[in-house]
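Colleague: The working numbering numbers the first residue of the sequence shown as 39 and each following residue consecutively. We treat Cβ as the ideally placed atom computed from N, Cα and C, and that holds for glycine. Mind looking over this structure? Questions follow.
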Amino acid sequence: MPKPIIEVDRCKGCELCINACPEDVLAMSSEINAKGYFYPSVVHPDDCTGCRYCLLVCPDTAIQIENKGKVTTPPEALTGKTFSYCPGCTHGVIHRLVAETIDSLGIRDRTVGIAPVGCSVLAYEFFNCDMQEASHGRAMAVATGIKRGRPDLMVFTYQGDGDLASIGMAETIHAANRGEKITVIFVNNAIYGMTGGQMAPTTMPGQVATTCPTGRDVNLAGWPIRVVELLKTLRTPAYLARVAVHDPKNILNAKKAIRKAFKYQLDGTCFSLVEVLSTCPTNWGYQPHESCEWVEENMVPYYPLGEVKVPEEVPVQVGS
Ligand SMILES: Cc1ncc(C[n+]2csc(CCOP(=O)(O)OP(=O)(O)O)c2C)c(N)n1
39 MPKPIIEVDR CKGCELCINA CPEDVLAMSS EINAKGYFYP SVVHPDDCTG
89 CRYCLLVCPD TAIQIENKGK VTTPPEALTG KTFSYCPGCT HGVIHRLVAE
139 TIDSLGIRDR TVGIAPVGCS VLAYEFFNCD MQEASHGRAM AVATGIKRGR
189 PDLMVFTYQG DGDLASIGMA ETIHAANRGE KITVIFVNNA IYGMTGGQMA
239 PTTMPGQVAT TCPTGRDVNL AGWPIRVVEL LKTLRTPAYL ARVAVHDPKN
289 ILNAKKAIRK AFKYQLDGTC FSLVEVLSTC PTNWGYQPHE SCEWVEENMV
339 PYYPLGEVKV PEEVPVQVGS
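Structure below.
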C-alpha cells in the first residue's frame with residue numbers, strides 16, 4: 039500500500055497537503071516540530087491511493103511517498119537545504135519543478151541559474167547547480183552574457199514580477215526581442231514579496247498592498263500587465279506560456295511547460311519564458327489554502343493559462 043512519509047522538521051505547517059488529499063489520509067497533529075510548527079501526520083494510511091497530491095503541493099519538499107518498498111526522493115538539483123520562504127509560499131513548489139526538469143534532462147552539470155533580488159534571492163542555496171546573483175531586474179542581462187559566452191550551458195533566470203515586470207521590464211522586452219537563447223521562469227505572485235507587500239505591475243485591480251491600502255486603482259496605477267501577451271507581440275520569442283501552481287492538476291501542467299521551456303533551449307531554439315501564477319500568503323494576508331483559492335478566483339480569470347506562443351518548426355508534444 040502507498041503511504042506518505044512526512045519529514046517533520048522540514049514542514050512549516052501550511053496544511054496544503056491536508057487540503058489536497060482527496061482521501062483525508064492526513065490530519066494536523068497536536069505536536070510541534072523543531073521549528074515550532076504544527077505538522078501533519080498520517081491518520082488513515084490504508085486510504086492512501088498513492089496519487090502524490092500531497093507531495094506535489096508541499097512547498098517544502100517535506101513529503102515523500104512510499105510504494106511497494108520504494109520511496110520517492112527529492113530532486114538532485116535541489117541541495118536539500120530548507121527553503122527560507124514563508125509557510126505556504128509556492129516559490130518552493132516552483133523550485134521543485136525546475137529542479138525535477140533539470141534532473142530529468144540530465145543537465146545539472148551544465149546548468150546555470152540566475153536569481154536576482156526578491157524572495158528567491160537565496161535560490162543559490164537551494165538549487166544544486168551553478169548559480170549567479172544579479173542585481174534587481176538585471177537577470178536577463180546577466181543570462182545574456184553567460185549564454186553568449188558559453189552557448190553550451192543551459193541558462194535560466196528565476197524572477198519575480200517586481201523584478202521582471204517593473205524594474206527589469208526593459209531588460210525583459212529587449213532580451214526577448216533579441217531572441218536570447220535563455221529560459222525564463224517568471225514567478226507572478228501579484229506583489230513585491232520580499233520588501234513587505236508593495237504594489238507590483240501585476241497586482242490585481244482592487245487588491246490591497248502597502249502602497250495601495252484601499253486597493254489598486256486602475257485609474258491611477260493602470261491595469262495589471264499581462265507579460266506573456268505583451269511579449270507575444272514581438273516576433274522573436276519562441277515559447278511563451280502561463281501556468282499556475284495552486285492545485286495538483288495545475289502543478290502537473292506547470293511541470294510540462296517548464297520542461298518544454300528548458301527543452302527548447304536545449305534544442306537551440308531561442309528565448310522561452312514560463313509565467314507561473316504563484317501565491318504570497320504573508321503579504322496577501324490569507325491562509326495558504328485561501329491564497330490558492332484566490333489565485334483560482336482572481337488571477338486565473340485575468341491571466342489566462344496556457345501556451346501563448348510555441349515554436350513553429352519544433353514538434354510540440356507537452357511532456358515529451
Ligand atoms: C535597485 C533596487 N531597487 C529596489 C530594491 C528593493 N527590492 C528588493 S526585492 C524587491 C521586489 C521583489 O519583488 P518580486 O520581484 O515580485 O519578488 P518576490 O519577492 O515577490 O518573490 C524590491 C523592490 C533593490 N533591492 N534594488
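For Gln325 and Glu171, I'd like the C-alpha separation in whole angstroms.
Modeller: Residue 325 sits at position 287 when you count from the first residue of the sequence shown. Residue 171 sits at position 133 when you count from the first residue of the sequence shown. Spanning the two alpha carbons is a distance of roughly 31 Å.
Colleague: So Ala279 and Gly344 are in contact, right, with Cβ under 8 Å, and what is the actual spacing, rounded?
Modeller: To locate residue 279, count along the sequence shown from 1; it is residue 241. To locate residue 344, count along the sequence shown from 1; it is residue 306. Indeed, because the Cβ distance is near 7 Å, the residues count as touching under 8 Å.
Colleague: Whole angstroms are fine: how far does the CA of Glu163 sit from the CA of Ile296?
Modeller: What you label residue 296 is simply residue 258 of the sequence shown in a count that begins at 1. What you label residue 163 is simply residue 125 of the sequence shown in a count that begins at 1. Roughly 21 Å separates the two Cα atoms.
Colleague: Whole-angstrom Cβ separation of Ile229 and Trp322, contact assumed at under 8 Å?
Modeller: Within the sequence shown, the letter at position 191 stands for residue 229. Within the sequence shown, the letter at position 284 stands for residue 322. Contact holds; Cβ gap of about 7 Å.
Colleague: What is the rounded straight-line gap between the Cα of Val338 and the Cα of Val246?
Modeller: Residue 338 sits at position 300 when you count from the first residue of the sequence shown. Residue 246 sits at position 208 when you count from the first residue of the sequence shown. One C-alpha to the other measures close to 18 Å.
Colleague: Please list, in chain order, all residues of the same chain as Ala373 whose beta carbon is under 6 Å from its beta carbon, the five residues on each side excluded.
Modeller: The shown model of the chain, from 39 to 358, leaves out residue 373, and the question about it has no answer.
Colleague: Can you tell me which of the three DSSP states Glu45 falls into?
Modeller: Your numbering for residue 45 matches position 7 in the sequence shown. Residue state, collapsed to three classes: coil.
Colleague: Considering only residues of the same chain and omitting the five flanking positions on each side of Gly235, which have a CB-CB separation below 6 Å?
Modeller: Here residue 235 is taken as the residue at index 197 of the sequence shown, counted from 1. Closer than 6 Å at Cβ, skipping near neighbours: Ile229, Ala247, Thr248, Asn321.
Colleague: Are the beta-carbon atoms of Val150 and Leu202 separated by less than 8 Å?
Modeller: Taking the sequence shown and counting its residues from 1, one reaches residue 150 at position 112. Taking the sequence shown and counting its residues from 1, one reaches residue 202 at position 164. Cβ distance not < 8 Å, so Val150 and Leu202 don't count as in contact.
Colleague: What I want to know is whether the C-beta of Val131 ends up closer than 7 Å to one or more non-hydrogen atoms of ligand 1.
Modeller: In the sequence shown, counting from the first residue as 1, residue 131 sits at position 93. Every heavy atom of ligand 1 is 7 Å or more from the Cβ of Val131, so no.
Colleague: What did DSSP end up calling Gln303 once you bin it into helix, strand or coil?
Modeller: For the purposes of this step, residue 303 is identified with residue 265 of the sequence shown, where counting begins at 1. Of the three classes helix, strand and coil, the one that applies to Gln303 here is helix, per DSSP.
Colleague: Please confirm whether Leu94 and Ile223 have their CB atoms less than 8 Å apart.
Modeller: Here residue 94 is taken as the residue at index 56 of the sequence shown, counted from 1. Here residue 223 is taken as the residue at index 185 of the sequence shown, counted from 1. The answer is no: Cβ separation not under 8 Å.
Colleague: Is it the case that the region 77-86 contacts the region 61-69, given that we only count it when at least three CB pairs across the two stretches are under 8 Å?
Modeller: yes
Colleague: Quick check on Pro353: does DSSP put it in helix, strand or coil?
Modeller: The sequence position of residue 353 within the sequence shown is 315, counting from 1. Caution is warranted here: a pLDDT of 46 is assigned to Pro353, below 50, making its placement in the model unreliable, and the coordinate value is therefore given only provisionally. In this structure, Pro353 counts as coil in the three-state DSSP scheme.
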